[in-house]
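Here the structure comes first, spelled out in structure tokens, and everything after it is commentary.
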Amino acid sequence: MKNAIKILAILALVILGTTKAMAQDISGDTYEQKFKLGIGASVGYPFEDPYNLNVGGDVRLQYDLSKRYSLTATTGFSNLFAKGDDNDLGYIPAKLGFKAFVLKDKFYLMGEAGAAFPVTNGYNKTSLLLSPSIGYATKYIDVSVRYEYLPDFPTLRNNTPDNGLGQVALRLAYGFKL
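With mature numbering (1 follows the signal peptide of the UniProt record, and there is no 0) as the guide, the letters of the sequence shown map in order to residues -23 to -1, 1 to 155.
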């Protein structure tokens, strides 16, 4: 038993040493990991009734793991405008995500998941929030298109109450290093 523990410990040290050695940049250049903050506005088109427009603002904190990969945390406020006499649905999204730059460090793919907390009277069920997006970012400007799916928000299908809202949104943001 003691031999097995010694072998596992040596194996773990070898693996950690190899991983550390492989993580070193051969050119000697190192990438400074840093935080960025983005402040954005978005407008969206909901696919289900009774909604006809989504307008919102957000704040996104981004931590760069490397030049190509980042972790994100996004929150803000969005309002789904309803047709007719139905109440609008305002909600606060809270999402965590992963961003990967795929082309010349400008174009990226990002996936976020989290929750949408309704803040409008009459709606009280928090919804899961899934949001893949594609975007273009420069040093200060970030433009992206995202799809959002909120499976627990109320909708109408053939004038019958249902759940599950899908929408597409355009986001324009200004970002800077912290």
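Think of the CB as a built atom: it goes at the ideal place given N, C-alpha and C, for glycine as much as any other residue.
Bear in mind the structure is a predicted one, so any value in this text is a computation, not a measurement.
When the options are compared against residue i, the one with the closest alpha-carbon
i	options	result
Gly61	Asp26, Asp35, Gly34	Asp26
Asn98	Asn29, Gly33, Asn64	Asn64
Leu105	Gln39, Ile69, Arg148	Ile69
Lys44	Lys72, Phe84, Gly143	Phe84
Gly141	Ala50, Ala93, Lys81	Ala93
Gly152	Tyr117, Gln144, Leu127, Thr132	Tyr117
Leu133	Lys13, Ala18, Ala59, Gly67	Ala59
Leu57	Phe130, Asn135, Leu155	Phe130
Ala50	Gly143, Ser108, Asn135	Ser108
Gln10	Ser47, Tyr22, Pro23	Ser47
Gly112	Thr137, Leu149, Pro128	Leu149
Pro95	Asp119, Leu127, Lys81	Leu127
Gln144	Pro23, Asn101, Lys13	Pro23
Lys102	Lys76, Asp82, Leu66, Thr137	Leu66
Leu42	Phe12, Lys81, Gly34	Phe12
Integer-rounded CB distance, given that residue j should sit under 8 Å from residue i
i	j	result
Gly88	Gly74	6 Å
Val36	Ile16	6 Å
Val20	Ala114	Contact doesn't hold; Cβ gap of about 19 Å is too wide.
Lys76	Gln39	7 Å
For residue i, the three-state DSSP class (helix, strand or coil)
i	result
Val122	strand
Gly67	strand
Asn136	coil
Gly143	strand
Lys60	coil
Leu127	strand
Leu149	strand
Cβ shell of residue i (< 7 Å), same chain only, five flanking positions each side left out
i	result
Ser110	Met87, Ser121, Val122, Arg123
Asp2	Only weak support exists for where Asp2 lies, its pLDDT of 45 falling under 50; the coordinates are left without a value.
Chain-order list of residues whose beta-carbon lies under 6 Å from that of residue i (same chain, five-residue window excluded)
i	result
Phe78	Arg45, Tyr85
Ala71	Thr52, Gly91, Ala92
Tyr28	Leu57, Ala59
Tyr100	Leu66
Glu125	Ser108, Gln144
key: Runs of beta strand (DSSP E) wholly within the segment 4 to 53 (minimum 3 residues, chain order)   = 12 to 23, 28 to 41
request  = For the segment 71 to 120, list the beta strand (DSSP E) runs that are entirely contained and at least 3 residues long, ordered along the chain.
outcome  = 84 to 95, 104 to 114
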